[in-house]
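Report on the structure given below.
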Amino acid sequence: MIPPLLLLAWTQVALAAPPEVAAPPAKGPVPAMESAPPAQELQGIEAQIQATEDRRKRNQKRRRRLRRRLAEVEKALAARRAEAARLQRQTEELEAEVARLEQRQAEAAARVAQGRRVLATRLRLLAEAEPEIPAAALLFGDADPWAALHDERYREALAAAAGARIARL
1088 MIPPLLLLAW TQVALAAPPE VAAPPAKGPV PAMESAPPAQ ELQGIEAQIQ ATEDRRKRNQ
1148 KRRRRLRRRL AEVEKALAAR RAEAARLQRQ TEELEAEVAR LEQRQAEAAA RVAQGRRVLA
1208 TRLRLLAEAE PEIPAAALLF GDADPWAALH DERYREALAA AAGARIARL
């Protein structure tokens, strides 16, 4: 049994409520779902879903292709960087070799200049001591200037050889 006071409260609440709430739920389909969507609408939705799936597949293929291409390009770039580093090392080695060769050339030039000064001094001394020995004989052959000072036959042979060499030139 329901207490009378509770029954009175329920009645007042039911009367105060709007008719939609107070009415019992309707039997049957919900108004928004009364009828199934038309076949064209379903086909359109399915076509949109299929188009979206196709785009997704194309994008995945494209991403895979681009990733492969990126990997190839990165590999080629790494190879070129390694080649550039190797060439840089070789360039530095060649620059060091050029510097060493230039130093050797400068030393050789200094030795040649010293040799020329010594030769010029010897030729001058020889010309002052024996004016009849041609200086060209000393320049064009392996003549010993000191032997030429002391040996008459050596001087004559030296002069003849120098004359023949000068004539050939």
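In the numbering used here, the protein residues as written are 1088 to 1256. Quick reminder that beta carbons are idealized off the backbone N, C-alpha and C, glycines included. Bear in mind that the values here come from a model prediction, so they are computed numbers and not experimental data.
Can you tell me whether Trp1097 is helix, strand or coil according to DSSP?
helix
Can you list, in chain order, the stretches of the alpha helix (DSSP H) that have 4 or more residues and sit fully within the segment 1162-1187?
With a minimum length of 4 residues, no continuous alpha helix (DSSP H) run stays inside the segment 1162-1187.
If you draw a straight line from the alpha carbon of Arg1176 to that of Glu1182, how long is it in whole angstroms?
10 Å
Is DSSP giving Pro1091 helix, strand or coil here?
helix
Cα-Cα separation, Arg1187 to Arg1154:
49 Å
Own chain residues within Cβ distance below 6 Å of Ile1132, not counting five before or after:
none
Please classify Leu1256: is it buried, with 16 or more other beta-carbons within 10 angstroms of its beta-carbon, or exposed?
A caution first: Leu1256 carries a pLDDT of 48, below 50, which makes its placement in the model unreliable, though a value can still be read off. Leu1256 is exposed by the Cβ-count criterion.
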